[in-house]
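Here's the structure we're looking at; comments come further down.
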Amino acid sequence: MSFRPAAFLPVLAALAGLAGCSAPKLTEFQPSCPRVVIVADAADLSRYRATGGQDLTDLVLDGRIVGFKGGCERENRDYVRTNLTVDLRLTRGPAGVRASQVSYFVAVREGDLILDKRTYTLGIQFPENQDQMRMTGPETSLLVAVSKEKSGAAYDVLIGFQLSAEELALNRRRGPR
Numbered sequence: 199m200s201f202r203p204a205a206f207l208p209v210l211a212a213l214a215g216l217a218g219c220s221a222p223k224l225t226e227f228q229p230s231c232p233r234v235v236i237v238a239d240a241a242d243l244s245r246y247r248a249t250g251g252q253d254l255t256d257l258v259l260d261g262r263i264v265g266f267k268g269g270c271e272r273e274n275r276d277y278v279r280t281n282l283t284v285d286l287r288l289t290r291g292p293a294g295v296r297a298s299q300v301s302y303f304v305a306v307r308e309g310d311l312i313l314d315k316r317t318y319t320l321g322i323q324f325p326e327n328q329d330q331m332r333m334t335g336p337e338t339s340l341l342v343a344v345s346k347e348k349s350g351a352a353y354d355v356l357i358g359f360q361l362s363a364e365e366l367a368l369n370r371r372r373g374p375r
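Taking our numbering as reference, the numbering of the sequence shown is continuous, increasing by one, and the terminal residue is 375.
Next up, the structure:
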């Protein structure tokens with residue numbers, strides 16, 4: 199086997215091309231992201247028939263917010279953008295039908311003040327012979343103002359089901375599951 203310099207020309211050309219790429223500036227840091235919280239009182243949904251009963255035979259839909267995926271990035275000097283999707287696990291109850299809807303919210307909080315709240319409604323279609331499913335909601339993009347005095351960590355992003363007063367009271371009585 200003899201040494202052939204021509205065989206290395208494509209590798210050298212690729213390395214020369216990479217030499218023009220720039221590394222991240224040493225003065226740029228990953229921004230502090232808002233803390234994302236699944237609200238314990240709103241993480242579960244138990245929807246019953248309108249007849250008023252609340253035993254297992256009256257359960258129409260049971261749901262749980264099981265997680266989220268996302269991250270944040272600096273939009274510019276004054277804003278940090280948080281992008282996320284919400285993951286849900288849904289179970290059709292004995293009184294349930296195949297088609298239904300479920301709503302959840304994504305909100306930005308600074309201290310005790312809600313700055314932005316968005317509600318999403320997802321259509322649910324349980325396939326035949328299937329009583330459970332997982333869904334991922336659409337991507338949500340939120341901007342929070344930042345400055346030298348206030349980083350993205352000064353905010354919370356809250357996630358939960360958009361519950362009726364009765365559903366919220368039930369969650370508070372029984373506690374998180």
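Virtual Cβ for every residue (Gly too), placed ideally from N, Cα, C. Computed from a prediction, not measured in an experiment: that's the story for all the values here.
Rounded straight-line distance, which links the Cα of Y246 to that of L320: Just so you know, the alpha carbons of L320 and Y246 end up roughly 18 Å apart.
Meets three-Cβ-pair contact criterion under 8 Å: the region 333–348 and the region 296–316: yes
Residues near G291 by beta carbon distance below 7 Å, same chain, minus five either side: Excluding residues within five positions, the ones whose Cβ falls inside 7 Å are L257, V258, L259 and D260.
Rounded separation between P325 and T289 - CA only: Going from the Cα of P325 to the Cα of T289 covers about 12 Å.
Reduced DSSP secondary structure (H/G/I, E/B, other) of L368: helix
Reference R371, options S244, S230, I236 and R233, closest by Cα: The alpha carbon of R371 has as its nearest neighbour, out of S244, S230, I236 and R233, the alpha carbon of S244.
C270 - containing beta strand (DSSP E), residue span: L257 to N274
Under 8 Å between C-beta atoms of Y277 and A352: no
Alpha-carbon spacing of V234 relative to S345, whole angstroms: 20 Å
Whole-angstrom C-beta distance between T283 and C231, which should lie under 8 Å: That belief does not hold up - the Cβ atoms of C231 and T283 are roughly 15 Å apart, past 8 Å.
CA nearest to the CA of Q323, picked from M331, R316 and T317: Closest in C-alpha terms to Q323, from the list M331, R316 and T317, comes M331.
I312 to L368 span [Cα, whole Å]: 24 Å
Paired residues, beta bridge with L320 - DSSP: V300
Cβ pair V237, L356 closer than 8 Å: yes
Outcome for M300 when other beta-carbon atoms lying within 10 angstroms are tallied against a minimum of 16: The identity of residue 300 in the sequence shown is Val, whereas the question assumes Met. Under this definition V300 is a buried residue.
Outcome for A297 when other beta-carbon atoms lying within 10 angstroms are tallied against a minimum of 16: exposed
Spatially closest choice to G358 from F266, T249, P229 and G251, by CA coordinates: F266
G335 - DSSP class collapsed to helix/strand/coil: coil
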